[in-house]
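The structure appears right after this line, and notes come after that.
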Amino acid sequence: MSGLASASAQEVIVTGVTYPGTITDDQWKVFEANVAREADPPLKLKMLVRSEVGSEETMVNATRRGRVQLTAPSLTASTQAAPELAVLALPYLFDSVEQMDYVLETVAKDEARRVVAARGLVFLNWIDSGWLGIYARDALVEPEQVKGYKLRTPPALAAQVMAQVLGADAIYIPYTEIIPAMQTGLIDGGITADYPFFTGSIDAESKYFIYTRHAYDTGMFLANKNWYDRLSETNKAMLLTAYGDMVDFRARTRAYTAAEMAKLPQKPDGLATQVIELTPAQRARWAAATRPTHRLLLDKLGSSAASFYDAIQAGKAAYSPDQ
0 MSGLASASAQ EVIVTGVTYP GTITDDQWKV FEANVAREAD PPLKLKMLVR
50 SEVGSEETMV NATRRGRVQL TAPSLTASTQ AAPELAVLAL PYLFDSVEQM
100 DYVLETVAKD EARRVVAARG LVFLNWIDSG WLGIYARDAL VEPEQVKGYK
150 LRTPPALAAQ VMAQVLGADA IYIPYTEIIP AMQTGLIDGG ITADYPFFTG
200 SIDAESKYFI YTRHAYDTGM FLANKNWYDR LSETNKAMLL TAYGDMVDFR
250 ARTRAYTAAE MAKLPQKPDG LATQVIELTP AQRARWAAAT RPTHRLLLDK
300 LGSSAASFYD AIQAGKAAYS PDQ
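Going by numbering that gives the first Met the number 0, the sequence shown opens with residue 0, and the numbers climb by one from there.
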C-alpha cells in the first residue's frame, strides 16, 4: 500500500474483549493482515479490542449507532440487540456437537443475518466463546442443587429463564464485577463460557467449574449496516472472511480451551479449580430439568424467535452424521 493510499484510507473502529497472548488475540492479527492485504479501497483499522470502549453491551450499542463500525461480542451480548438470538443459547438445543456445527454453518447463519439486520447490523461471521457451564463454590452436579443458589446470571434471556426454571437465586451483575462479587459473597457462582472463565481469571475465585455444556456461546462478528452498505463490493466480501476460516478457528479454539481448562486443577492449593464433566445420566437429568425453558423463551419473544427456532429444528432434521 502506498503512502498516499494509506493516508486516504477510511478509518474503521473495531471493538472487542480480548486478552493478550490468547488464541483470539492471535486471530485479530490474522484479521488485520487480511484487511491490509485485501481491502480495496484501503481501510485503516483502529483496533480497540481490549475493552477500551467498555462492556460488550456498550460495544454493540455503539455499533448500532454508528460510532463503531465493527464489533465482536459474545452471543450473550448480541442478544441485547437482537433478542431472538437467545434461541441459540437454549439449553440442550442440539443432539450432538457435529449437529450443532452443521446448523451453525447453514441455517443459523441465515437466521442470524435476518434478526440483526432489523437492528441496523450486519452479521459477518461467528466468533467462538466456548461451552457454557457453571462456576461455583460447590459441586453443582445435579439440577436440583441450583435451587436457591446465589447465581450470577448473564443478561441473555435464555440464561435468565433457565435460572428461573431451576429456582436459582438469580443475580445480575456486570461481567467486570464477577470477581469482587465472588470475593464478597454477593454471589456463590454463575453461568459463563469456559473461554472467558479462565481468560477473565474467574477461576481464581471458583472452586468448581461444572461442564453442563448446556449451550455453546458462538459469539459473532457484526458490522454497522449503514456503514457496511456503503462499502465497495470488494470490501463487503472481504469482511465476510477476513477473520479467517471459522471451521478451522473453531477447532483450534476448542483444542486451546480444553488444554487451558485441563491446567486449572493443577494450580497451587487455594487457586486450583476442579473441572467436572457431567456423566451421561447427569446430563440427561439437566436436559430434562431445563427443557421447559424452550417454550417459556419462545412465548416471551414471539413469532420472530419462533421462526428462528423452527429453522434450527429443520436444520437439525437435515443433518446426517455422514455429511
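Glycine included, each C-beta is placed from N, C-alpha and C at the ideal position.
- As computed with DSSP, residue 33 is found in no beta bridge at all.
- At the C-beta level, residue 152 and residue 67 stay beyond 8 Å of one another.
- Between residue 83 and the set 321, 309, 313, 320, the nearest pair of CA atoms involves 309.
- For residue 45, the three-state secondary structure derived from DSSP is strand.
- For residue 211, no beta strand (DSSP E) run applies, since DSSP gives it neither H nor E.
- For residue 21, the closest C-alpha among the options 127, 74, 77, 38 is that of 127.
- Ranked by how close their Cα comes to the Cα of residue 274, the residues 107, 135, 179, 180 have 135 in first place.
- In the structure shown, the three-state DSSP call for residue 182 is helix.
- Bridge pairing for residue 149: 168 [DSSP].
- By the CB criterion at 8 Å, residue 223 and residue 113 fall outside the cutoff.
- Counting C-beta pairs with one atom in each stretch, the segment 96-103 and the segment 143-157 have fewer than three that are closer than 8 Å, which means they do not touch.
- In the DSSP assignment, residue 10 falls within the unbroken beta strand (DSSP E) covering 9-14.
- Residue 314: not part of any beta strand (DSSP E); member of the alpha helix (DSSP H) spanning 302-317, first to last residue.
- By a beta-carbon distance limit of 8 Å, residue 217 contacts residue 87. Their separation comes to about 7 Å.
- Assignment of residue 79 by DSSP, reduced to helix, strand and coil, places it in the coil class.
- Cβ neighbours of residue 238 within its own chain (closer than 7 Å, five residues either side excluded): 123, 222.
- Straight-line measurement puts the Cα of residue 146 at about 4 Å from the Cα of residue 166.
- Per DSSP, reduced to three states, the secondary structure at residue 114 is helical.
- The beta carbon of residue 204 sits closer than 7 Å to those of 178, 181, 182, all from its chain and outside the five residues before and after it, given in chain order.
- The alpha-carbon separation between residue 26 and residue 251 amounts to approximately 11 Å.
- Pairing residue 55 with residue 16 gives a Cβ-Cβ distance under 8 Å.
- In the DSSP assignment, residue 257 falls within the alpha helix (DSSP H) that extends over 245-262.
- Going by beta carbons, residue 71 and residue 42 fall outside the 8 Å limit.
- The C-beta separation of residue 188 from residue 148 comes to about 7 Å, placing the pair in contact by the 8 Å criterion.
- Leaving aside the five residues that flank residue 45 on each side, the residues in its chain whose CB is nearer than 8 Å to its CB run, in chain order, 10, 11, 12, 13.
- Around the beta carbon of residue 110, 16 or more other beta carbons lie within 10 angstroms, which makes this residue buried.
- Between the alpha carbons of residue 186 and residue 226 lies a distance of about 41 Å.
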